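Q: Residue numbers (my numbering), protein chains in the order written: chain A, 353 to 498; chain B, 353 to 498; chain C, 353 to 498.
Glycine included, C-beta positions come from ideal geometry on N, C-alpha and C.
These numbers were taken from a predicted model, which means no experiment stands behind them.
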Amino acid sequence: MPLWKIYHPVGVFSREDKQGLSEAITAIYARNLPKFYVGVVFQEVAADSFFIGGEPTGDFVRIWVDHIARTMPTPEIRAKFIEMVDAVLAPYVRDRGLRWECHIDETSYELWSIHGYRPPLPGTEDEKRWRAENRPSPVGPREVTA
Amino acid sequence: MPLWKIYHPVGVFSREDKQGLSEAITAIYARNLPKFYVGVVFQEVAADSFFIGGEPTGDFVRIWVDHIARTMPTPEIRAKFIEMVDAVLAPYVRDRGLRWECHIDETSYELWSIHGYRPPLPGTEDEKRWRAENRPSPVGPREVTA
Amino acid sequence: MPLWKIYHPVGVFSREDKQGLSEAITAIYARNLPKFYVGVVFQEVAADSFFIGGEPTGDFVRIWVDHIARTMPTPEIRAKFIEMVDAVLAPYVRDRGLRWECHIDETSYELWSIHGYRPPLPGTEDEKRWRAENRPSPVGPREVTA
Numbered sequence: 353m354p355l356w357k358i359y360h361p362v363g364v365f366s367r368e369d370k371q372g373l374s375e376a377i378t379a380i381y382a383r384n385l386p387k388f389y390v391g392v393v394f395q396e397v398a399a400d401s402f403f404i405g406g407e408p409t410g411d412f413v414r415i416w417v418d419h420i421a422r423t424m425p426t427p428e429i430r431a432k433f434i435e436m437v438d439a440v441l442a443p444y445v446r447d448r449g450l451r452w453e454c455h456i457d458e459t460s461y462e463l464w465s466i467h468g469y470r471p472p473l474p475g476t477e478d479e480k481r482w483r484a485e486n487r488p489s490p491v492g493p494r495e496v497t498a
Numbered sequence: 353m354p355l356w357k358i359y360h361p362v363g364v365f366s367r368e369d370k371q372g373l374s375e376a377i378t379a380i381y382a383r384n385l386p387k388f389y390v391g392v393v394f395q396e397v398a399a400d401s402f403f404i405g406g407e408p409t410g411d412f413v414r415i416w417v418d419h420i421a422r423t424m425p426t427p428e429i430r431a432k433f434i435e436m437v438d439a440v441l442a443p444y445v446r447d448r449g450l451r452w453e454c455h456i457d458e459t460s461y462e463l464w465s466i467h468g469y470r471p472p473l474p475g476t477e478d479e480k481r482w483r484a485e486n487r488p489s490p491v492g493p494r495e496v497t498a
Numbered sequence: 353m354p355l356w357k358i359y360h361p362v363g364v365f366s367r368e369d370k371q372g373l374s375e376a377i378t379a380i381y382a383r384n385l386p387k388f389y390v391g392v393v394f395q396e397v398a399a400d401s402f403f404i405g406g407e408p409t410g411d412f413v414r415i416w417v418d419h420i421a422r423t424m425p426t427p428e429i430r431a432k433f434i435e436m437v438d439a440v441l442a443p444y445v446r447d448r449g450l451r452w453e454c455h456i457d458e459t460s461y462e463l464w465s466i467h468g469y470r471p472p473l474p475g476t477e478d479e480k481r482w483r484a485e486n487r488p489s490p491v492g493p494r495e496v497t498a
């Protein structure tokens, strides 16, 4: 959680761009979550395999995100989060004249494992330790909370 | 919204096929939505990386779709939509002897942005303008509708 | 259903590994479902396009799964399933010193088609036949079950 999949035209992002964007994405979450929760996969797509509105595109960045560790409970929080995402993306897309689209799906905390562990619940001591150490380690039994 | 991801064997689709299929997919939505909402990404997968039922495959097209702008409210509408999708796919898959599978996920309208805008709600004047101009532009404040 | 997408570092899985892992994944489901329901797509990702916690990674396997044919009704079943998945993955990831993460999304049975058919409902004679024959064939009318 989160997994960011970034489809982008060939050659628009350098190695440094990808590093920088990944760090900026990770920073969105790192206040609350272990850093190693944040996965980012970049994938180049050639213009003849990438269509927007039925037309081949060489200037569009399409981002698909799955959120697992947290769901956002209110419309206001969701709106705020999307704003934060756009602020992070802006230097890499808008400021370079690229078009972009981003959407986020939310999936079940219970259908998730990291390194064979079921990740600790939000706010637990286990989660704090994972965050402090930036790696998974054995967790106590999870109380089933619905 | 929608994002179509099409995994396909190496070499089964020409540039013209991909163009034609993307246009046909876009047409499914264009009666109601701005054309530029429709993203299609084709990805070739080599037989040694593509397994169906545990066997390497060179004849299977696997399509995964995320719907964001609209959710389908009734079983009848969902059935109808799937039929429409299959009709669009048939010339590119069935009629060539390829096997295929397609599934659609529906994700939150509120966790979505295009070019830094939160897309206008269905049926609004903003959405009509986006559709008429086939590009995003500033939108009025969104009433939170739960 | 299920679709398994496996992002992995370059060169960590041989052709035989991918075959073996696909068969093991298929076996998880084959007690209940037609084998050909199980799709697995492997995708190599270069270290400069694959980031965990903001750092380029060459030792992480990130697995994303969509479940369609079945949803898991209780926390206990979900926990059990995730354990089963980890047991299947262990020889290919943990035992090789790779890190990994896996999450599963559940999507709508009604927004799914295979080879132009809407797959039969769980436990029906049609589904048994599909399973026995390991291929799709015409199905009777589906009762809408909400």
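1. Can you find the residues in the same chain that come closer than 8 angstroms, C-beta to C-beta, to residue 422/C, ignoring five residues on each side of it along the sequence?
2. Contact criterion: CB-CB distance below 8 angstroms. Does residue 363/A meet it with respect to chain B?
3. Run down chain C in chain order and give the residues with a C-beta less than 9 angstroms from the C-beta of residue 393/A.
4. Starting from residue 427/C and walking both ways along the alpha helix (DSSP H), at which residues does that stretch end?
5. Please report the straight-line C-alpha distance between residue 397/B and residue 380/A, rounded to a whole angstrom.
6. What are the boundary residues of the alpha helix (DSSP H) that includes residue 465/C?
7. Closer than 9 angstroms, Cβ to Cβ, to anything on chain B: give me those residues from the region 370–394 of chain C, in chain order.
8. Given a threshold of 16 other Cβ atoms within 10 Å of its Cβ, counted over all protein chains shown, does residue 413/A qualify as buried or as exposed?
9. CA-CA distance, residue 470/C and residue 484/C?
10. So, using beta-carbon positions, are residue 418/A and residue 457/B closer together than 8 angstroms?
11. Would you decide whether residue 406/A is buried or exposed? Buried here means 16 or more other CB atoms lie within 10 Å of its CB.
12. Looking only at C-alpha atoms, which of 480/C, 369/C, 428/C sits nearest to residue 440/C?
13. Ends of the alpha helix (DSSP H) at residue 420/B?
14. Counting only beta-carbon atoms, is residue 451/C nearer than 8 angstroms to chain A?
15. According to the neighbour-count rule (16 or more other Cβ atoms, all chains shown, within 10 Å of its Cβ), is residue 430/C buried or exposed?
16. On the three-state DSSP scale, how would you describe residue 469/A?
17. What are the start and end residues of the beta strand (DSSP E) that includes residue 503/B?
18. Just by C-beta distance, which residues in the region 467–478 of chain B are closer than 8 angstroms to chain A?
19. What does DSSP give as the partner residue(s) for residue 395/B in the beta ladder?
20. What does residue 446/C reach in chain A if we use C-beta pairs closer than 8 angstroms?
21. Quick check: is the beta carbon of residue 353/C nearer than 8 angstroms to any beta carbon in chain B?
22. Helix, strand or coil for residue 388/B, going by three-state DSSP, please let me know.
23. Name, in chain order, the residues that DSSP records as bridge partners for residue 413/A.
24. Taking Cβ-Cβ distances shorter than 9 angstroms, what residues in chain C pair up with residue 441/A?
25. Which partner residues of residue 407/A appear in the DSSP bridge assignment?
26. What does a CB cutoff of less than 8 angstroms around residue 424/C pick up in its chain, not counting 5 residues either side in sequence?
27. If we count the other Cβ atoms within 10 Å of its Cβ and call it buried at 16 or more, is residue 462/A buried or exposed?
28. Output yes if chain C places a C-beta closer than 8 angstroms to the C-beta of residue 367/A; else output no.
29. Output yes if chain A places a C-beta closer than 8 angstroms to the C-beta of residue 434/B; else output no.
30. Cβ atoms of residue 420/A and residue 360/C: under 8 angstroms apart, would you say?
31. Just verifying my parser: in three-state terms, what is the DSSP assignment at residue 461/A?
32. Starting from residue 372/B, trace the alpha helix (DSSP H) both ways and give me its first and last residue.
33. By the 8 angstroms beta-carbon criterion, what residues does the region 455–466 of chain A contribute toward chain C?
34. Mind checking residue 449/A: buried by the 16 CB within 10 Å criterion, or exposed?
35. Leaving out the 5 sequence neighbours to the left and right, which residues in its chain are closer than 8 angstroms to residue 394/B when beta-carbon positions are compared?
36. Would you say residue 410/B lies against chain C (beta-carbon separation less than 8 angstroms)?
A: According to the data block:
1. Excluding residues within five positions, the ones whose Cβ falls inside 8 angstroms are 353, 384, 385, 474.
2. The Cβ of residue 363/A sits no closer than 8 angstroms to any Cβ of chain B.
3. Correct list: 359, 395, 397, 401, 402, 403, 414.
4. It spans 427–441 - the alpha helix (DSSP H) in which residue 427/C sits, taken as one unbroken run.
5. Rounded to whole angstroms, the separation of the alpha carbons of residue 380/A and residue 397/B is 33 angstroms.
6. In this chain, residue 465/C is not harboured by any alpha helix (DSSP H); it is covered by the beta strand (DSSP E) spanning 464–466.
7. Of all residues in the region 370–394 of chain C, 370, 371, 373, 374, 375, 376, 377, 378, 379, 382, 386, 387, 388, 389, 390, 391, 392, 393, 394 have a Cβ within less than 9 angstroms of some Cβ in chain B.
8. With 16 or more Cβ atoms within 10 Å of its Cβ, residue 413/A is classed as buried.
9. Whole-angstrom Cα-Cα distance: 18 angstroms.
10. Contact annotation: residue 418/A and residue 457/B have beta-carbon atoms that are not nearer than 8 angstroms.
11. By the neighbour-count criterion, in which 16 or more other beta carbons inside 10 Å mark a residue as buried, residue 406/A falls on the buried side.
12. The residue among 480/C, 369/C, 428/C with its C-alpha nearest the C-alpha of residue 440/C is 369/C.
13. No alpha helix (DSSP H) contains residue 420/B, which DSSP labels as neither H nor E.
14. Residue 451/C counts as touching chain A.
15. With 16 or more other CB atoms across the displayed protein chains lying within 10 angstroms of its CB, residue 430/C is buried.
16. Reduced to three states, the DSSP call for residue 469/A is strand.
17. Residue 503/B is absent from the structure shown; chain B starts at 353 and stops at 498.
18. In summary, the residues of the region 467–478 of chain B whose CB is separated from some CB of chain A by less than 8 angstroms are 467, 468, 470, in the order they occur in the chain.
19. DSSP, once it has assigned bridges, lists 359/B as partnering residue 395/B.
20. Annotation: Cβ neighbours of residue 446/C in chain A (cutoff 8 angstroms, chain order): 467, 468.
21. Under the Cβ criterion of 8 angstroms, residue 353/C is counted among the residues facing chain B.
22. Of the three classes helix, strand and coil, the one that applies to residue 388/B here is helix, per DSSP.
23. Beta-bridge annotation (DSSP): residue 413/A is paired with 452/A.
24. Neighbours of residue 441/A in chain C, taken as residues at a C-beta separation under 9 angstroms, are lacking, since the least C-beta distance is about 15 angstroms.
25. According to DSSP, which records beta bridges pairwise, residue 407/A is partnered with 404/A.
26. Hits under 8 angstroms: 430, 433, 458.
27. When all chains shown are included, residue 462/A counts as buried.
28. At least one C-beta of chain C is nearer than 8 angstroms to the C-beta of residue 367/A.
29. False, the Cβ-Cβ gap to chain A never drops below 8 angstroms.
30. Residue 420/A is positioned such that its CB atom lies no closer than 8 angstroms to that of residue 360/C.
31. Residue 461/A falls in the coil class under three-state DSSP.
32. Here the alpha helix (DSSP H) through residue 372/B covers 367–382.
33. Hits within the stretch, in order: 457, 459, 460, 462, 463, 464, 465, 466.
34. Under this definition residue 449/A is an exposed residue.
35. Result list for residue 394/B: 358, 360, 365, 370, in chain order.
36. By the rule that beta-carbons nearer than 8 angstroms mark a contact, residue 410/B does not touch chain C.
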